[in-house]
Every structure is written in structure tokens, then in C-alpha cells.
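Number of protein chains: 2
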Amino acid sequence: MTQTQETPTVISPEALLEHWQGHRRLTRKMIEAFPEDKLFTHTIGGMRPFSGFILEFLGMAVPGLRGVVTGKWENAFDLPHHQKKEPPSTKKELLQQWDETTEEMNKLWAQIPPARFAETDKAFGQWDGTIYFFVFYWIDNEIHHRGQGYVYLRSLGIEPPAFWDRS
Amino acid sequence: MTQTQETPTVISPEALLEHWQGHRRLTRKMIEAFPEDKLFTHTIGGMRPFSGFILEFLGMAVPGLRGVVTGKWENAFDLPHHQKKEPPSTKKELLQQWDETTEEMNKLWAQIPPARFAETDKAFGQWDGTIYFFVFYWIDNEIHHRGQGYVYLRSLGIEPPAFWDRS
Numbered sequence: 000m001t002q003t004q005e006t007p008t009v010i011s012p013e014a015l016l017e018h019w020q021g022h023r024r025l026t027r028k029m030i031e032a033f034p035e036d037k038l039f040t041h042t043i044g045g046m047r048p049f050s051g052f053i054l055e056f057l058g059m060a061v062p063g064l065r066g067v068v069t070g071k072w073e074n075a076f077d078l079p080h081h082q083k084k085e086p087p088s089t090k091k092e093l094l095q096q097w098d099e100t101t102e103e104m105n106k107l108w109a110q111i112p113p114a115r116f117a118e119t120d121k122a123f124g125q126w127d128g129t130i131y132f133f134v135f136y137w138i139d140n141e142i143h144h145r146g147q148g149y150v151y152l153r154s155l156g157i158e159p160p161a162f163w164d165r166s
Numbered sequence: 000m001t002q003t004q005e006t007p008t009v010i011s012p013e014a015l016l017e018h019w020q021g022h023r024r025l026t027r028k029m030i031e032a033f034p035e036d037k038l039f040t041h042t043i044g045g046m047r048p049f050s051g052f053i054l055e056f057l058g059m060a061v062p063g064l065r066g067v068v069t070g071k072w073e074n075a076f077d078l079p080h081h082q083k084k085e086p087p088s089t090k091k092e093l094l095q096q097w098d099e100t101t102e103e104m105n106k107l108w109a110q111i112p113p114a115r116f117a118e119t120d121k122a123f124g125q126w127d128g129t130i131y132f133f134v135f136y137w138i139d140n141e142i143h144h145r146g147q148g149y150v151y152l153r154s155l156g157i158e159p160p161a162f163w164d165r166s
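Note that the protein sequences, when read in sequence, are chains P and F.
At the far end of the first sequence sits residue 166, using numbering that gives the first Met the number 0, and the numbering has no gaps.
At the far end of the second sequence sits residue 166, using numbering that gives the first Met the number 0, and the numbering has no gaps.
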């Protein structure tokens, strides 16, 4: 039996970070594609505006990775958009926080021991699961809500950025 | 250096299949949640109806995994929804094809050598990349368009199934 068969892998930690950051580059293009006012106001069917999704992503990425690295999880209600301090209210502020998060994610990711991904933990003190499951959940949640943003843009007559372009 | 560090892994092939099938169980619930007529007709902003997304998912999953297993890719234009034969036109037919695909995927997945995920290939004879990238692309594409289906349902006043519930 070869070593590869003993520890079969689909994707390395390094490649998964690039995968996530690629998705985040696309999400960033989506933020840019929204007209400033629609970003904070346009909704369909009683859902949150696209800015609401972005605040959720920001509230999961760095707080989540801090939990992965340290094993200490901030309470979900302490996430940025639940805090008393004012959340970003302009596209410029959102993009700035997005880019700061990008840098912070890279720093945190580098501190995750590879074996950590298979460990179980209680994310944000509430959800039991394996670390890889949490990471995929955060990525999938971003894809899910960003897809909803595509409908928002289309309903405004705006062509969204190509889904496949993660540059 | 330990073995784990030499071949660091985030997720095993077995766990990735379960991850995908979990997402597919949620997508199946979405198909069920749509009223029969709206499944094939309801759109926003000139996009495809939800059934159109489902046909795309069906056209990627088994044909894609066949390419992964055999290295031979069907031309994308030969995918089911491009074929001359009639695509499913009722919810019952869509669900039946969905379930057949579930079984076929499990059989194909079992035939993928673990080392295959890191290989490069040209998916459907058109897209250069690594196998793991293609697999994530198919999953991500399903999450993306399914999220759009959530907006369709909300715009119809229908509560969609919970995103986190993959049972």
C-alpha cells in the first residue's frame, strides 16, 4: 500500500485556501457590480439586501478561522454585524473590510496544523462537527448567498460577473 | 516529519462524496418545494427556471464523473439537456432522474483512484484543470444556482428548506 492510499487526499490545505480566496475574489466583484444604494436596499421576497450577506460572510471568515486555529470560538452573537459598533454602511467601507479580511485569513490559515481539519469541535460554541465541514460550510454559504445576489443584479437589469472567473 | 504532514489532506474522497450527496439531498428538497408549474416556468430577470438549473446539474454529475473515471469526456453539447431526446418535463420525471443519478454517482465515485484528484485533464474536452477543481466546480455550481432557486421560492411566498439541513 502506498503512502497516498493510506492518507488519501482530495485537496491540500494550501489549495483549499486558494479555492476559498478565489470565491472571495468573485464575491468582491459582485460587491463592486451593485449600485451603491441597491447594495444596501434592494431585496426580493423579504430577503436581506446583498450587503447583509456580505456582513454575514465577514462575520464567519476571520472569527471562524480564529476558532479553527485557537479552539476558542467567539459567540456568534458577538460577530461584527451583531456588535453594537456600526457595521460598514458604504461600498467603500465594505470593500475595505473585505480586503482586510483577505489578509487576516491568509495569516490565520498558515497557522492551521494539517491534522486539525479532521478534528471535531463545536463551532461558535454551538455547532458540532469536523473542522473541514465548518470550512466548507463557510465557503458554501458564501456561494449560496452570492448566487442570490446574482438574481438581485439580474432583476435590476445588471449583468453579473462570470461565475467561473475567480481571477 | 510525519506521514500526515507529507500528504496533508483536508477531506477524504469518501467524505467529499458524502458532502456532495448531502448538497444533492438539499437540492432534491428544493425540487419538491416548487409548485409543479413554477418549477418549469417561474423566472426572474430573464434567468432560466429552476428546472433548467436541475437539467444542468444532471448534465454535469454523471457525465463529469464518467470523465473523471475513464479520462474520456463526452462533448458538453451531448449532455442530456442538449440531446434531441426530450428532457424531463414533470417534477416526477426530474426526481426520478435525480435519484438514478445519485446511484450512478456512487458507483462511479468508487472507481476513482485517490491519486486521480490531483491529476490534470481537459474536462468535457474544453476546460483545463485538476480533477479536484472540476469536482468542486460541479458542487459549487449546484450551490450557486440552487441559491438562486431560494430567491425564486421566496418571491413566490414559499419558505425554502433550511440551507444547513443535508439529511
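Just so you know, even glycine gets a beta-carbon here, dropped at the ideal spot from N, CA and C.
All values reported here derive from a predicted model rather than from experimental measurement.
Point to revise | Close-in-space but distant-in-sequence residues of the same chain around Trp19 (chain P) (CB under 7 Å, 5 per side omitted) | key: Cβ-Cβ distances below 7 Å link Trp19 (chain P) to Ile138 in the same chain, with the five nearest sequence neighbours on each side left out; the list follows chain order.
Practice item. Examine chain F for any beta-carbon lying closer than 8 Å to the beta-carbon of Met59 (chain P), and answer yes or no. Key: No, no contact with chain F.
Check your understanding: If you drop the 5 nearest sequence neighbours on each side, which residues of the same chain put their C-beta closer than 6 Å to that of Arg153 (chain P)?
Key -> So the list is empty, once near-sequence residues are dropped.
Exercise for review: Closer than 6 Å by C-beta to Trp108 (chain F): which residues in its own chain qualify, once you throw out the five before and the five after it? Chain order, please.
Suggested key: The answer, listed in chain order, is Leu16.
Review point. Roughly how many whole angstroms lie between the Cα atoms of Gly58 (chain F) and Pro86 (chain F)?
Key: Their backbone Cα atoms lie some 11 Å apart in a straight line.
Exercise for review: Classify Gly124 (chain F) as buried or exposed, calling it buried when 16 or more other Cβ atoms lie within 10 Å of its own Cβ.
Suggested key: Exposed is the call here.
Check your understanding: In angstroms, rounded to a whole number, what distance separates the CA positions of Lys121 (chain P) and Pro113 (chain P)?
Key -> Approximately 18 Å between the Cα atoms of the pair.
Review point. Using a C-beta cutoff of 8 Å, does Asp139 (chain P) count as contacting chain F?
Key: Under the 8 Å criterion on CB atoms, Asp139 (chain P) is classed as interfacial with respect to chain F.
Check your understanding: Under a Cβ-count criterion, where at least 16 other Cβ atoms within 10 Å of its own Cβ denotes burial, should Glu141 (chain P) be classed as buried or exposed?
Key -> Buried: at least 16 other Cβ atoms inside 10 Å.
**Study point:** Cβ shell of Val68 (chain F) (< 7 Å), same chain only, five flanking positions each side left out
**Key:** Once the five neighbours on either side are set aside, the close Cβ partners of Val68 (chain F) are Leu107, Gln110, Ile111.
Point to revise | Collapsed DSSP secondary structure at Trp163 (chain P) in the structure displayed | key: Of the three classes helix, strand and coil, the one that applies to Trp163 (chain P) here is coil, per DSSP.
Point to revise | Chain-ordered residues of the region 104-115 of chain F with a beta carbon less than 7 Å from chain P | key: Here the close residues are Pro113, Ala114.
Check your understanding: Can a CB atom of chain F be found closer than 8 Å to the CB of Ile43 (chain P)?
Key -> The beta carbon of Ile43 (chain P) sits closer than 8 Å to some beta carbon of chain F.
Review point. Apart from the five residues on each side of it in sequence, which residues of its chain come closer than 6 Å, Cβ to Cβ, to Asp127 (chain F)?
Key: Residues Lys121 of the same chain have their beta carbon placed closer than 6 Å to that of Asp127 (chain F), with the five preceding and five following residues left out of the count.
Point to revise | Which residues DSSP lists as bridging Trp126 (chain F), in chain order | key: Beta-bridge pairing by DSSP links Trp126 (chain F) to F:Ala122.
Check your understanding: CA-CA distance, Arg165 (chain F) and Leu155 (chain P)?
Key -> Approximately 32 Å between the Cα atoms of the pair.
**Study point:** Distance between Val9 (chain P) and Gln2 (chain P) (C-alpha atoms, nearest Å)
**Key:** Any reading at Gln2 (chain P) must be qualified, since the residue scores a pLDDT of 42, below 50, and its modelled position is unreliable; no value is offered.
Review point. So, are the CB atoms of Lys28 (chain P) and Pro160 (chain P) less than 8 Å apart?
Key: The Cβ atoms of Lys28 (chain P) and Pro160 (chain P) lie closer than 8 Å to each other.
Review point. Whose C-alpha, out of F:Arg145, F:Glu158, F:Phe133, is nearest the C-alpha of Met46 (chain F)?
Key: Checked all of F:Arg145, F:Glu158, F:Phe133; the closest Cα to Met46 (chain F) is F:Arg145.
Practice item. Closer than 6 Å by C-beta to Phe56 (chain P): which residues in its own chain qualify, once you throw out the five before and the five after it? Chain order, please. Key: Glu141.
Exercise for review: State yes or no: is the C-beta of Lys90 (chain P) within less than 8 Å of the C-beta of Glu35 (chain P)?
Suggested key: Judged by beta-carbon spacing, Glu35 (chain P) lies within the 8 Å limit of Lys90 (chain P), meaning their Cβ atoms are closer than that value.
Point to revise | Nearest-angstrom Cα separation, counted from Gln96 (chain F) out to Glu13 (chain F) | key: Approximately 23 Å between the Cα atoms of the pair.
Review point. What residues in its chain sit with their C-beta under 6 Å from that of Gln4 (chain P), if we drop five residues either side in the sequence?
Key: Residue confidence for Gln4 (chain P) is low, a pLDDT of 41 falling below 50, so the modelled location carries little weight; the figure read from the coordinates is stated next. The answer is none, since no qualifying residue turns up.
Practice item. Please check if any C-beta of chain F sits within less than 8 Å of the C-beta of Thr8 (chain P). Key: Judged by the 8 Å Cβ criterion, Thr8 (chain P) is in contact with chain F.
Review point. Can you tell me whether DSSP reads Gly44 (chain P) as helix, strand or coil?
Key: Of the three classes helix, strand and coil, the one that applies to Gly44 (chain P) here is coil, per DSSP.
Review point. Closer than 8 Å, CB to CB, is Phe56 (chain P) near chain F or not?
Key: Not an interface residue.
Exercise for review: With a threshold of 16 other CB atoms inside 10 Å of the CB of Thr119 (chain F), please say whether the residue is buried or exposed.
Suggested key: Around the beta-carbon of Thr119 (chain F), fewer than 16 other beta-carbon atoms lie within 10 Å, marking it exposed.
Point to revise | Closest by C-alpha distance to Ile53 (chain P), when choosing among P:Thr129, P:Ile30, P:Phe135, P:Leu64 | key: Closest in C-alpha terms to Ile53 (chain P), from the list P:Thr129, P:Ile30, P:Phe135, P:Leu64, comes P:Ile30.
Practice item. With a threshold of 16 other CB atoms inside 10 Å of the CB of Thr40 (chain P), please say whether the residue is buried or exposed. Key: Exposed is the call here.
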